[in-house]
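Data first, discussion second: the structure below is written as structure tokens.
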């Protein structure tokens, strides 16, 4: 079975559109459609319901899609491994992180990682949670740290910890001087800033869901793309927001942080390819365990088990 046809089919199925898939693959739509038709002829069954919008997989299409994703993932990993083996270049380990998402601890993790594997170059790519899934499957990154649970075939996810969230508001805001914790309802009439990364879901959806689940209706929301922009708007007195507590470690003139009455957290999620057994990934398990221990956080059971195995 031709790998290129499989890749074309997986892209169409993932995006639910021949037009969008052709754009991503940088090819014309007619030959893309023809390649998928050839694949359908080869397997002897239709793979897509072309009458639906977006396109929907048939039962045969779903079965092939699940298998094709794994085949393409393993092929890409094999090619990457061979390229590294045959290259004289320094080995590279690529981290995917959610843009501007308060990874103040990432520097410490990478420092520990470089201590364990000094011969490996660590690189960082800014990708949202959904983009990390595709990047892992295609080999663009070797591991990711995200904030949103995105279940995906062939991707292992470990919640490292649940981080408390706090209110971010202008220094001169009347609520900034309160010593006691602040309830969510106190924010209902404030212009509320959400930093949403497309495609959704994003951390913004998680934050907004906290208000909805408690019956608090916000009078006005301001949606922006970047957290840096949110900080500028907050410092300028334009609005308030809710952010992970580690945001307080980032210097933000004009912004104050207050604790919440409600216990609201945001998960920090470590993800990688399920079948990855490289020494580079094992070193990252060890670095993460070391970092959590030094910070006084418990080590997740799955992370501990794999760390123990890596040290055997």
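Residue numbers (my numbering): 214 to 525.
Cβ atoms here follow ideal geometry from the backbone N, Cα and C, with glycine treated the same way.
The structure displayed is predicted, hence computed values, not measured ones.
Query: For a test of the three-state rule: what should DSSP assign to residue 281, helix, strand or coil?; Result: helix
Query: Could you pull the DSSP bridge partners for residue 305 from this structure?; Result: 334
Query: Is the beta carbon of residue 513 sitting closer than 9 Å to the one on residue 354?; Result: no
Query: Find out if the Cβ-Cβ distance for the pair residue 435, residue 477 is shorter than 9 Å.; Result: no
Query: Measuring CB to CB, does residue 366 end up less than 9 Å from residue 282?; Result: yes
Query: First and last residue of the beta strand (DSSP E) that includes residue 434?; Result: 434-437
Query: Exposed or buried, which one is residue 525 when buried takes at least 16 other CB atoms within 10 Å?; Result: Any answer about residue 525 is weak, because its pLDDT of 42 lies below 50 and its placement is not dependable; what the coordinates show is given next. Exposed, since its Cβ has fewer than 16 Cβ neighbours within 10 Å.
Query: Of the residues 461, 441, 494, 397, which one's Cα is nearest the Cα of residue 423?; Result: 397
Query: What's the C-alpha gap between residue 263 and residue 318?; Result: 47 Å
Query: Quick one: give me the first and last residue of the alpha helix (DSSP H) that residue 251 is part of.; Result: 242-256
Query: In the DSSP assignment, what are the bridge partners of residue 262?; Result: 269
Query: In this structure, how does DSSP classify residue 523 when only helix, strand and coil are distinguished?; Result: Reliability fails at residue 523, whose pLDDT of 46 lies under 50, so the model's placement of it is uncertain and the value that follows must be treated cautiously. In this structure, residue 523 counts as helix in the three-state DSSP scheme.
Query: Compute the Euclidean distance between the alpha carbons of residue 363 and residue 484, then round it to the nearest angstrom.; Result: 10 Å
Query: Taking DSSP as the reference, what is the three-state secondary structure of residue 509?; Result: coil
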